[in-house]
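Following: one structure in structure tokens, then a few remarks.
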Amino acid sequence: MYVSYWNLRERPFQNVANTQFAYLSPQHREGLARLLYIVEERKLGGVLIGPYGAGKTMILEMLAGIVKTRPNLTYIQIDAPPSNALALARQLLACLQYTQPVNDIAQALNAIQGYLSYAGTAVPHLVVVVDEAQMLQDSDAFEFLHLLCNMRVRNKDGGVGENGITLILAGHQDLVSRLAARASLAQRLQFFWKLDPLNQQQTMEYVQHRMRSAGGDIWAFEEEALKAIVTYTQGLPRLINNLCDVALLLGCAMNGSRITADIVRQAARDVQIPTLTEANTISEAS
Numbered sequence: 001m002y003v004s005y006w007n008l009r010e011r012p013f014q015n016v017a018n019t020q021f022a023y024l025s026p027q028h029r030e031g032l033a034r035l036l037y038i039v040e041e042r043k044l045g046g047v048l049i050g051p052y053g054a055g056k057t058m059i060l061e062m063l064a065g066i067v068k069t070r071p072n073l074t075y076i077q078i079d080a081p082p083s084n085a086l087a088l089a090r091q092l093l094a095c096l097q098y099t100q101p102v103n104d105i106a107q108a109l110n111a112i113q114g115y116l117s118y119a120g121t122a123v124p125h126l127v128v129v130v131d132e133a134q135m136l137q138d139s140d141a142f143e144f145l146h147l148l149c150n151m152r153v154r155n156k157d158g159g160v161g162e163n164g165i166t167l168i169l170a171g172h173q174d175l176v177s178r179l180a181a182r183a184s185l186a187q188r189l190q191f192f193w194k195l196d197p198l199n200q201q202q203t204m205e206y207v208q209h210r211m212r213s214a215g216g217d218i219w220a221f222e223e224e225a226l227k228a229i230v231t232y233t234q235g236l237p238r239l240i241n242n243l244c245d246v247a248l249l250l251g252c253a254m255n256g257s258r259i260t261a262d263i264v265r266q267a268a269r270d271v272q273i274p275t276l277t278e279a280n281t282i283s284e285a286s
């Protein structure tokens, strides 16, 4: 309802992975570049971690957009994976449009190997991305991923060829501890990148970039309002989006010409985002 009021083409702070609005800080750019490298060089795999709302999904969306234009690559992404190994294997095979019944992991692996060796023809390299991978808890699920990393393309003469799958795991910090207990898989994931929250300057640039991308005034948020956004969100893009969306709504309802720090504070109360001091107090008490 506030789009026309602020002379916008669309809402700038929706929490969807729309690459049109992507703001890439240096660490986001490097993370994307590293993922592209391991995919294009057909490495075994890598890990992307960061706190909730740090921008991992946006990086994966941008990666998918690039990889899907490459005829020699097939991109598969599994979001919120099941923890059970067989369910995970079935989900992967469904993405490969495999329709036969799969009753156990051995059968699933044979089906995937069959795809990689299909009629001895040139099969696109598989890029398998598991987002929210910290949800994986079953040891058998990690063992299945380990076995995926071991798969090779069969040559026409039946010999073992190059690596057939690149595996990318993305998730929260908890993923690190889960991988630490599974060295056989972790050692095959040759890339590791951690996303941190945006700093103050990047947070302010993020807000202005999203406003510009939606056709709005980059100074619709006053400087003090931008500083307040930094304080409340601690540089997490998902929280920035939630807070700014409500702030624009409140500013419209108040017939404001700019978003002030007071409006941001009211928006923070409405979406129940604590201040940095309150957040630290809650963290220390938990």
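Residue 176 in this note's numbering sits at position 176 of the sequence shown, with consecutive numbering throughout.
All residues carry an ideal CB built from backbone N, CA and C; glycine is no exception.
Because the structure is a prediction, the values reported are computed rather than measured.
Query raised in the report: What residues match up with Ile240 in a beta bridge as DSSP calls it?
Result: In the DSSP output, where bridge partners are listed per residue, Ile240 has none listed.
Query raised in the report: Are there three or more Cβ pairs, one per stretch, closer than 8 Å when the stretch 230-248 is compared with the stretch 264-275?
Result: Flag = yes, the stretch 230-248 and the stretch 264-275 touch.
**Report entry** Presumed contact (8 Å Cβ cut-off) between Ser83 and Gln137, rounded CB distance
**Finding:** Under the criterion of beta carbons closer than 8 Å, Ser83 and Gln137 qualify as touching, at roughly 5 Å.
Query - Any beta strand (DSSP E) of 3 or more consecutive residues that is wholly inside the stretch 34-116 - result: Listed in chain order, the complete beta strand (DSSP E) runs (minimum 3 residues) inside the stretch 34-116 are 45-49, 73-78.
Requested in this report: Verify whether the separation of the beta carbon atoms of Gly235 and Gln201 is less than 8 Å.
Outcome: Remark: C-beta atoms of Gly235 and Gln201 do not approach each other more closely than 8 Å.
Report task. Starting from the N-terminal side, write out each stretch of the alpha helix (DSSP H) that is 4 residues or longer and does not extend beyond the stretch 140-193. Result -> Annotation: the stretch 140-193 contains the following complete segments of the alpha helix (DSSP H) (minimum length 4 residues), in chain order: 174-180, 183-186.
Requested in this report: Could you check what DSSP says for Ile229 in three-state terms: helix, strand or coil?
Outcome: In the three-state reduction of the DSSP assignment, Ile229 falls in the helix class, which pools H, G and I.
Query raised in the report: Touching or not, the stretch 166-183 and the stretch 38-58, by the rule of three or more beta carbon pairs under 8 Å?
Result: The way I'd put it, the stretch 166-183 does touch the stretch 38-58; three or more beta-carbon pairs between them come closer than 8 Å.
Requested in this report: Indicate whether Gly164 and Leu126 have their beta-carbon atoms separated by less than 8 Å.
Outcome: Yes. Within cutoff.
Requested in this report: Evaluate Gly114 with the Cβ neighbour count: other Cβ atoms within 10 Å of its Cβ, from every protein chain shown; 16 or more gives buried, anything less gives exposed.
Outcome: Gly114 should be labelled exposed.
Query raised in the report: For Leu198, which option in Gly55, Gln20, Ala220 has the closest C-alpha, if you only look at C-alpha atoms?
Result: Considering only alpha carbons, the answer is Gly55.
Report task. Note down the Cα distance separating Ala119 from Ser4, rounded to an integer number of angstroms. Result -> Confidence in Ala119 is poor, its pLDDT being 45 and thus under 50, which makes the residue's placement unreliable; the coordinate value appears in the next sentence. So the two alpha carbons sit approximately 57 Å from each other.
Query raised in the report: In chain order, what residues of the same chain lie with their CB nearer than 7 Å to the CB of Pro12, ignoring the 5 residues before and after it?
Result: Annotation for Pro12: Phe21, Arg210, Met211, Ser213, Ala214, Gly216 place their beta carbon closer than 7 Å to its own, counting only its chain and skipping 5 residues before and after.
Query raised in the report: Which residue comes first and which comes last in the alpha helix (DSSP H) that contains Val264?
Result: Start and end: 261-270.
**Report entry** Where Ala119 sits in the DSSP three-state scheme
**Finding:** At Ala119 the pLDDT is 45, less than 50, meaning the model places this residue with poor confidence and gives no usable figure here.
Requested in this report: Report, in whole angstroms, the separation of the C-beta atoms of Gln91 and Ile105, which I expect to be a contact under 8 Å.
Outcome: About 13 Å separates the beta carbons of Gln91 and Ile105, which is beyond the 8 Å limit, so they are not a contact pair.
Query raised in the report: What does a CB cutoff of less than 8 Å around Ser139 pick up in its chain, not counting 5 residues either side in sequence?
Result: Cβ contact annotation for Ser139 (same chain, cutoff 8 Å, sequence separation greater than five): Arg182, in chain order.
**Report entry** N-terminal and C-terminal residue of the alpha helix (DSSP H) that Val207 is part of
**Finding:** DSSP places Val207 inside the alpha helix (DSSP H), whose first and last residues are 200-213.
**Report entry** Unbroken beta strand (DSSP E) run spanning Leu126, endpoints
**Finding:** Start and end: 125-130.
Query raised in the report: Taking only beta-carbon atoms, is Val123 less than 8 Å away from chain B?
Result: In the displayed structure, chain B is absent; only one protein chain is listed.
**Report entry** Euclidean distance between Cα positions of Glu10 and Arg34
**Finding:** Approximately 32 Å, taken between the alpha carbons.
Query - Through-space distance from Val246 to Tyr232, alpha-carbon basis - result: When rounded, the separation of the alpha-carbon atoms in Tyr232 and Val246 is 13 Å.
Query raised in the report: What residues in its chain sit with their C-beta under 6 Å from that of Tyr23, if we drop five residues either side in the sequence?
Result: For Tyr23, where only same-chain residues beyond five positions count, the Cβ hits under 6 Å are Tyr206, His209.
**Report entry** Buried/exposed call for Gln272, threshold 16 Cβ in 10 Å
**Finding:** It is exposed - the Cβ of Gln272 has fewer than 16 other Cβ atoms within 10 Å.
Query raised in the report: Quick one: what's got a C-beta closer than 8 Å to Pro71's C-beta in the same chain, skipping five residues either side?
Result: Result list for Pro71: Pro124, in chain order.
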